[in-house]
C-alpha cells in the first residue's frame, strides 16, 4: 500500500491582503457527499462573502473537483488544489472565503492569496499518514487489565473496544510489528494462559506532522 496522507484534523486560518479578508478552512472528508456538505455549510456560514472558492481530493474514485466561485478562471480553485497535490494530501476538502476589501489583487495576487489560504489552513490542521494496522481480540482477567493496557500502549497499540463479562475481551489495533511483541508479553504475564486472536485490519491515522 502506498503512503496515504490526510489532514490530521479540521482547522481554519485567516489573513488580510490589501483589505480583502481571506478565511481558509480544511476538512478531512471521505466521500464526495461529505465534501459537498462541508462546502454548503461554509457557504451558509459566510453567505455575505463575495467568494467561497473550494476544492476537494478523494481516494474514492480518484475524485478531484474545484471551483473559482466567480473569481477569474484559474486564480482560486486550481491554485488551492495544487497545494494539496504538491504535498500528496488526499481525502481533503478546502474552502477559502474572501470578503472583498475594495482593492483588486490581479491574477497573480489572487493566485498567491488563495494558495496561501489553503496552505495556512492545512498547516493549522496538520497532516498524518494512514497505514494498515492489524486488529486483535485480547482476552484479559480483571487483575491484569491495567498492566495489559500499559503493555499494548508500549508496543504502539491502541484499544478500539472493551467488553466486560466474567473476564474482559479487548479489541486492540497494532502497527506493523507491534502485535508480535505484545503477544509474547501477554504469554509471559499470564503464564501461558492467555493468547490473542487476529480480528482483521483497519486503516488508522498516525501521529500529527507539521507541514512546511
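Numbering (this note's numbering), first residue to last: 776 to 987.
A virtual CB, placed ideally from N, CA and C, is assigned to each residue, including glycine.
Tell me whether residue 986 sits in a helix, a strand or coil according to DSSP, three-state version.
-> coil
CB contact flag (residue 903, residue 969, <9 Å): no
| request: For the beta strand (DSSP E) holding residue 803, just list the boundary residues, first then last. | output: 795-803
- Smallest Cα separation from residue 985: which of 895, 926, 975, 936? 895
Let me confirm a value: residue 947 is counted as buried when at least 16 other C-beta atoms fall within 10 Å, else exposed. Which label applies?
buried
### Task
Provide the residue(s) that pair with residue 973 in DSSP beta bridges, ordered along the chain.
911
Check: Can the beta-carbon of residue 983 be found less than 9 Å from the beta-carbon of residue 960?
Finding: no
* Asked: Does the distance from the C-beta atom of residue 810 to that of residue 847 stay below 9 Å?
  -> no
query: Looking only at its own chain, which residues have a Cβ that is under 7 Å from the Cβ of residue 899, when we skip the five neighbours before and after it?
result: 786, 787, 788
Point to revise | Nearest-angstrom Cα separation, counted from residue 849 out to residue 1073 | key: Because the chain is modelled from 776 through 987, residue 1073 falls outside the range shown and cannot be assessed.
Looking only at its chain, what residues have a beta carbon closer than 6 Å to the beta carbon of residue 844, apart from the 5 residues adjacent to it on each side?
826, 827, 828
(message) Are the CB atoms of residue 912 and residue 944 within a distance shorter than 9 Å?
(response) yes
Proximity winner among 802, 813, 885, 938, relative to residue 851 (alpha-carbon distances):
885
Quiz prompt | Own chain residues within Cβ distance below 6 Å of residue 805, not counting five before or after | solution = 866
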